[in-house]
Amino acid sequence: MEKEKLVKIRDLSVSYQTRIGTVSAVDHVSFDIYKGEILGLVGESGCGKSTFGKALLRMIDPPGEISSGEIIFNGENIMEYDYDRLRDFRGRRASMIFQDPMTSLNPVQRVDEHLIETIQVHEPRTKQNLALQRSKVMIERLGIGMERLLSYPHQLSGGMRQRVMTGIGLILNADLIIADEATTSLDVIVEAKLADQLREIRNDFGVSLLLITHNIALVAEMADRIAVMYAGHLVEIGDIYKVFEKPKHPYTQGLLASVPNIRFDTKEQLYKMPGEPPNLTHPPLGCRFHPRCPHALPICSQREPSLLEIEAGWSVQCWLYQKQSNEERSD
Amino acid sequence: MSGMDDRKTNEDFILELQNIKKYFPIQKTLLDQIFVGRIDYVRAVDDISINVRRGEAFGLAGESGSGKTTIGRLSIGLEELTEGKVIFNGTDLASLKKEELRKLRQKMQVIFQDPMASLNPRMTLGTSVMQGLLIHYPEKADQHRDMVVSIFEKVGLTPANFYINKYPHQISGGQRQRVVIARALITRPDLVLADEPVAMADVSVRALLLDLMVQLKKEFNLTYLFITHDLATAKYICDRIGILYLGKLAEVATVQEVYQKPMHPYTKALLAAVPVPNPRKRRTEPMPEGEIPNPINPPSGCRFHPRCPLASEECSMIEPKLEELEPGHFVACHHAQLG
Ligand SMILES: Nc1ncnc2c1ncn2[C@@H]1O[C@H](COP(=O)(O)OP(=O)(O)OP(=O)(O)O)[C@@H](O)[C@H]1O
Ligand SMILES: Nc1ncnc2c1ncn2[C@@H]1O[C@H](COP(=O)(O)OP(=O)(O)OP(=O)(O)O)[C@@H](O)[C@H]1O
Ligand code: SF4
Ligand SMILES: [Mg+2]
Ligand SMILES: [Mg+2]
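From first to last, the protein sequence lines are chains A and B.
Read in the numbering used here, the first sequence has 255 at position 255, and its numbers run on one by one without any break.
Read in the numbering used here, the second sequence has 377 at position 46, and its numbers run on one by one without any break.
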């Protein structure tokens, strides 16, 4: 069965102008997000995950700028949208939940008011009582007690607030939810419950979920596919089972081997990745990972490998997997 | 009295927490206090006993607000006890004068979660690390620099002379935590309280820091009181672990025992909730109902009973004692069971 594509990202680059130079935070990234999938996006702090997520909604503010690329959402290039269409797009078609919902919820607005307002901004002709009705259905769907509709954000626990944010993201039947470290500050049991809920929501609503996190185990728990970023590059993307079983890119290999595992049946030694992540104002030439790579070839420090599909649905950006095209590229 | 009575073997305990309690009064207006006539308390730590063996890494785990940090602070005399005793190297901390306690501090050092917050931004790294020597070993001033160089090398900040002159903002987060570790170890402590020391680090940096802490423990004969909300991390460093729920110990045993044969229903839920980095081992267990209750008015009987799948009437009325159900394995539950 051919999976339907919701978003096609082509050659997307984002840079920030800073005092010390241009930060290349997302560099020529291309891949697709399928309808109804959970895609986990992982990578070290500063590798560009949040920048990428925000760029998908064109939410990059100065000093940042989308310097190249196309984002085709359901067949439309949102790079061509004017301000009004963009505003309608955010919220109705795609929305974002962040790590700290307190910053995105209005402290003097009750839960019901948040939801009703979201509906009425995008669908001004919806009557108050209909909007309230839909809000109630959503709140119940998320396992929040009806009495919470009248609560203010500060009266809710962290997990509860995250669910309210998720509800706001879903109430207009968005096709894409971007969750940027949405479970990161939550306790494990609360996180596990939110994970269950997000999975159910995907199953019931068919929404696509881009799960941005540095919690690799959570991605193993929830996602259908995993995308790995390193220093602004997408270095590997593929099926969750395949990538965890036999990661191809040396960075993915090191990353997965350094994740602590609570089970006692696994290796007791964590992989110790040498070196530090690069400075993105002056990223290493060639493969950005080469200074830390245990398998680097001479060419790795000279030329940038391209993201190549090495197996159906499994792409890797690494010279180890492009020996044939190596010659093609050098002429 | 609930407690761990594992003294029978005459072991060498570096730290003994005996029925310690910490109740924080809730700030209320004066009018409230006069008219209601009663002050409410957060029962952050409520009758906990732990004996930490010399040379072990003892973990304290539990969700946010369970009392981990407060126990840590009580253990090294940073917080005053409401009740109970803290005995360090055989000395009751309460029997010490301020000055004596300050002296003892060189033997009990702390590593906190946020290295940026624990380093002075205007001090070079070398000067920061040297502070402990100035306080505790002023007579050895001529050796201070060599001692700093040596400890920088031990924590992997090489070449030491390069890092000594840098400022905190000039190095990465992982390197900063190495500086904090160096600063803790330079006074040659016996006990290191590490409160979420790797919580802010990326996975790959976390693996390096954990490995470093394990190496240093061997080399310097350290005892760790290792506080974490991350059970997966605790597995790589702790010998024994105590699971806390709302200021009470639910279970204590070796890490292997607790993780492979948890007996308390809360421990089981907590372990099941931790995601495993293997998509073929996804969780199937349901999570407990509800949220952690308010520590001001904790539930009667067993504090976990409103969320517990095994709860009976007894659980809502009688508080379970922490009992040794298997050798070295302590559980506070009326229906503790294996499996
Ligand atoms: N507003 C900004 N101005 C300048 N540089 C920025 C800005 N936002 C991000 N950057 C830089 O862009 C790079 C990517 O940052 P981004 O926040 O996208 O990373 P991330 O992968 O989300 O990291 P984290 O895991 O810490 O959230 C980093 O080097 C960061 O310093
Ligand atoms: N100085 C204080 N005054 C009042 N209440 C306090 C104080 N310090 C801690 N508490 C309360 O005591 C309880 C235990 O807090 P503690 O910081 O020890 O928990 P913790 O397990 O370390 O949590 P976390 O994982 O969030 O760090 C909490 O309910 C907290 O709000
Ligand atoms: S391209 Fe070269 S340096 Fe980069 S990951 Fe592959 S082998 Fe290592
Ligand atoms: Mg981010
Ligand atoms: Mg704490």
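All residues carry an ideal CB built from backbone N, CA and C; glycine is no exception.
- Legend: CB atoms of the region 575-601 of chain B lying less than 8 Å from CB atoms of chain A belong to residues Q587, Y590, Q591, A600, L601.
- For P278/A, not one C-beta of chain B is nearer than 8 Å to its own C-beta.
- Per the C-alpha coordinates, the member of V460/B, E582/B, S395/B, D378/B positioned closest to L405/B is D378/B.
- Contact between A182/A and I66/A does not hold, since the beta-carbon distance rounds to 23 Å and is not under 8 Å.
- No residue range can be given for Y498/B, since it is assigned to no alpha helix (DSSP H) and is classified by DSSP as neither H nor E.
- With a threshold of 16 other beta carbon atoms within 10 Å, Q302/A falls short and is exposed.
- Nearest to G578/B by C-alpha distance, out of S380/B, Q358/B, F344/B, is S380/B.
- With respect to I357/B, R385/B sits apart: the two C-beta atoms are not nearer than 8 Å.
- When the beta-carbon positions are compared, V219/A and L211/A come within less than 8 Å of each other.
- Its Cα nearest to that of V207/A, the residue L176/A stands out among A257/A, L176/A, Y321/A.
- The beta-bridge partner set that DSSP reports for Y230/A consists of H233/A.
- Distances between the C-beta of T400/B and the heavy atoms of ligand 2 include at least one below 7 Å.
- Counted as a single uninterrupted DSSP element, the beta strand (DSSP E) harbouring L41/A occupies residues 38-42.
- The beta carbon of S157/A lies closer than 8 Å to those of V190 in the same chain, with the five residues before and after it left out.
- Around the beta carbon of A312/A, a 10 Å sphere encloses fewer than 16 other beta carbons of the protein chains shown; the residue is thus reported as exposed.
- Residues of chain A with a Cβ closer than 9 Å to the Cβ of H560/B are, in chain order, D187, V188.
- Runs of beta strand (DSSP E) with 3 or more residues, each lying fully within the region 197-261 of chain A, are found at 208-212, 225-230, 233-239, listed in chain order.
- Each of K49/A, S50/A, D180/A, E181/A, I212/A has a C-beta closer than 7 Å to some heavy atom of ligand 4; these make up the full list, in chain order.
- Straight-line measurement puts the Cα of N350/B at about 43 Å from the Cα of R476/B.
- Using a C-beta cut-off of 8 Å, the region 252-262 of chain A makes contact with the region 225-244 of chain A, since at least three inter-stretch Cβ pairs fall below that distance.
- Residue state for T22/A is assigned as strand, using DSSP reduced to three classes.
- Among the CB atoms of chain B, none fall inside 8 Å of the CB of R202/A.
- Spanning the alpha carbons of S185/A and V164/A requires a straight line of approximately 16 Å.
- CA-CA distance, L653/B to C664/B, rounds to 7 Å.
- Cβ proximity to chain A below 8 Å picks out K612, R613, R614, M618, P619, E622, I623 from the region 612-628 of chain B.
- Counting along the chain, G504/B sits inside the alpha helix (DSSP H) bounded by residues 504-516.
- Rounded to the nearest angstrom, the gap between the Cα atoms of L320/A and T559/B is 39 Å.
- In the same chain as I216/A, and ignoring 5 residues on each side of it, the C-beta atoms closer than 6 Å to its own belong to V42, V259, in chain order.
- The Cβ atoms of F389/B and L656/B do not sit closer than 8 Å to each other.
- Under the Cβ criterion of 8 Å, T400/B is not counted among the residues facing chain A.
- L256/A reaches chain B at P608, counting residues in chain order whose Cβ is nearer than 7 Å.
- The beta carbon of H295/A sits closer than 7 Å to at least one heavy atom of ligand 3.
- When Cβ-Cβ separations below 8 Å define contact, P298/A makes no contact with chain B.
- When rounded, the separation of the alpha-carbon atoms in L522/B and E484/B is 21 Å.
- Judged by beta-carbon spacing, L6/A lies within the 8 Å limit of I33/A, meaning their Cβ atoms are closer than that value.
- For E268/A, the closest alpha carbon among the candidates D542/B, P499/B, P469/B is that of D542/B.
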